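Quick note, the sequences are listed as chains A and B, same order.
Numbering (the numbering used here) for the first sequence: 1 to 110.
Numbering (the numbering used here) for the second sequence: 1 to 110.
Backbone N, C-alpha and C fix where the C-beta goes; we use that ideal spot for every residue, glycine too.
Since this is a predicted model, take the numbers as computed values, not measurements.
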Amino acid sequence: EDQVTQSPEALRLQEGESSSLNCSYTVSGLRGLFWYRQDPGKGPEFLFTLYSAGEEKEKERLKATLTKKESFLHITAPKPEDSATYLCASASYRDDKIIFGKGTRLHILP
Amino acid sequence: EAQVTQNPRYLITVTGKKLTVTCSQNMNHEYMSWYRQDPGLGLRQIYYSMNVEVTDKGDVPEGYKVSRKEKRNFPLILESPSPNQTSLYFCASIRGETQYFGPGTRLLVL
Numbered sequence: 001e002d003q004v005t006q007s008p009e010a011l012r013l014q015e016g017e018s019s020s021l022n023c024s025y026t027v028s029g030l031r032g033l034f035w036y037r038q039d040p041g042k043g044p045e046f047l048f049t050l051y052s053a054g055e056e057k058e059k060e061r062l063k064a065t066l067t068k069k070e071s072f073l074h075i076t077a078p079k080p081e082d083s084a085t086y087l088c089a090s091a092s093y094r095d096d097k098i099i100f101g102k103g104t105r106l107h108i109l110p
Numbered sequence: 001e002a003q004v005t006q007n008p009r010y011l012i013t014v015t016g017k018k019l020t021v022t023c024s025q026n027m028n029h030e031y032m033s034w035y036r037q038d039p040g041l042g043l044r045q046i047y048y049s050m051n052v053e054v055t056d057k058g059d060v061p062e063g064y065k066v067s068r069k070e071k072r073n074f075p076l077i078l079e080s081p082s083p084n085q086t087s088l089y090f091c092a093s094i095r096g097e098t099q100y101f102g103p104g105t106r107l108l109v110l
């Protein structure tokens, strides 16, 4: 059974303190690995799609990377406005389902 | 403006009273999906649709029905709601690998 596991569940950082969020996946025939940001009470907002091991994508202070077993979302010098829940999801070639991890709640202290 | 809309945004109902949550997108996307989000369980896919008249079960389809009679609309139907269907529901439409989420519908079943 395909699975997506995120860690840690929650993370508190000081403003400017860089860190990484982890997404481990077990997916038969990965078609894509996605990262989303979700603010309280709102729908998830798309950040990145990664397709193959070794791929990297960047957006402002965020960089997503992918290996054959996991993906990392690196946050460089975060600001309080980066506080949100970050979600990882997978899609496989085997079917058209999309599976989400439970998310990492990130809190950046000023 | 490209968007996914859901109605209603908030709903309180009683056990057994049939209800429909509407979802509409204006981007001409073929793939649409419904999710529920519960604390500690994350986002779970209920149903998805690859195109008009094509629907398939996600991970938690029990107690739900969907229809896709036209490309822009993908309603979620609860024929006999139960308290365990109290949740936050999101509709999404997809272009390529990017999902665009609606604002969410918060449902309380008494």
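Residue-level contact by beta carbon fails for residue 30 (chain B) and chain A, as no gap is shorter than 8 Å. Annotation for residue 4 (chain B): the continuous beta strand (DSSP E) segment containing it runs 4-7. Chain order gives the chain B residues near residue 91 (chain A) as 97, where near means a beta carbon separation below 9 Å. Against chain A, a Cβ distance below 7 Å from residue 101 (chain B) picks out 43 and 44.
Annotated as proximal: residue 9 (chain B) and residue 105 (chain B), with beta-carbon spacing under 8 Å.
Counting only Cβ-Cβ distances below 9 Å, residue 108 (chain B) has no contacts in chain A at all, with the closest Cβ about 15 Å away.
Residue 9 (chain A) is positioned such that its CB atom lies closer than 8 Å to that of residue 104 (chain A). Between residue 53 (chain A) and residue 67 (chain A), the C-beta gap is smaller than 8 Å, which places the two residues in contact. Annotated as proximal: residue 74 (chain B) and residue 32 (chain B), with beta-carbon spacing under 8 Å. If you draw a straight line from the Cα of residue 72 (chain B) to the Cα of residue 58 (chain B), it comes to about 20 Å. Collapsing the DSSP output to three states places residue 9 (chain A) in coil.
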